[in-house]
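This report refers to the structure that appears directly beneath it.
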Amino acid sequence: MSPIEESGLRARLIAAAVAALEGGANDLSLRALARDVGVSAMAPYRHFADKAALMGAVAGYGFERLREALVEADAAAEGSEAVVAQGLAYLRFAQAHPALFRLMFSGACVPPEPVGETAYGVLARRVATLTNDPAATLACWALVHGLAVLALDGRAPPDGTGMGDPAAVLRLLAGPLAKT
């Protein structure tokens with residue numbers, strides 16, 4: 000395998016793992032992923048020591064995609080409405096990628112240390128423009144994460160969307176932040 004092909008193998012393995020997870024695979028193996036991307040059974044081990052390392056990389060990929068969604072949402076609004084926009088983006092991400100979302104927050108893997116700003120950091124940066132209370136960011140994150148998990152588990156209020164009005168719920172917390 001050429002150096003150029005080798006450099007893309009890691010990304011191809013992560014993409015194949017994400018696709019398998021989203022396709023409903025319950026148990027991924029490095030051997031099956033190698034077969035899926037057309038490389039030898041041992042090739043994935045050049046990038047991942049074991050399945051746990053691969054799952055950590057997949058979770059890291061998910062957190063980066065979530066961060067991108069939050070940055071985009073933040074840019075589209077101002078003040079406390081940017082917090083609401085980020086919350087809605089978080090919920091859309093969870094609903095669009097349920098298996099990846101669950102992996103990201105499971106204790107089954109340890110994502111690699113992020114390079115640059117994290118998804119949580121995007122929210123923290125916005126909340127810091129509204130209040131000096133450091134607990135506010137955690138409160139916002141906990142609220143939106145709880146809503147996401149409730150929706151994924153089918154425990155959200157039955158109103159047709161399964162979520163009630165998430166923007167209204169998020170505004171209950173985000174609105175008063177601008178006044179603190």
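Just so we're aligned, residue 0 is where the sequence shown starts under numbering that gives the first Met the number 0, counting upward by one. Backbone N, C-alpha and C fix where the C-beta goes; we use that ideal spot for every residue, glycine too.
- Minimum Cα-Cα distance from E63 among the listed residues V82, M103, L149 corresponds to M103.
- Residue range 118-127 is occupied by the alpha helix (DSSP H) that includes G120.
- Burial is judged here by how many other beta carbons sit within 10 angstroms of a residue's own beta carbon; M41 has fewer than 16 and is exposed.
- Counting along the chain, Y89 sits inside the alpha helix (DSSP H) bounded by residues 78-95.
- In this chain, the alpha helix (DSSP H) harbouring F62 covers 50-74.
- For L32, the closest alpha carbon among the candidates L12, A72, R101 is that of L12.
- Taking the Cβ atoms as the reference, M54 lies roughly 6 Å from A107, within the contact range of under 8 Å.
- Judged by pairs of C-beta atoms under 8 Å, the segment 24-39 does not touch the segment 109-121, as fewer than three such pairs exist.
- Take the alpha-carbon of A76 and the one of E67: they are about 15 Å apart.
- Around K50, the same chain offers L27, S28, L29 as residues with beta carbons nearer than 8 Å, after the five sequence neighbours per side are excluded.
- For C139, the secondary structure class from DSSP, reduced to helix, strand or coil, is helix.
- Where L176 is concerned, the enclosing alpha helix (DSSP H) starts and stops at 165-176.
- For the pair A134 and L151, the Cα-to-Cα distance works out to about 26 Å.
- Non-local beta-carbon contacts of F47 in its own chain, meaning distances under 6 Å to residues more than five positions away in sequence, involve L53 in chain order.
- Check the Cα spacing between T136 and each of R124, L146, G145, A147: the tightest is with R124.
- DSSP places A40 in no alpha helix (DSSP H); its state is neither H nor E.
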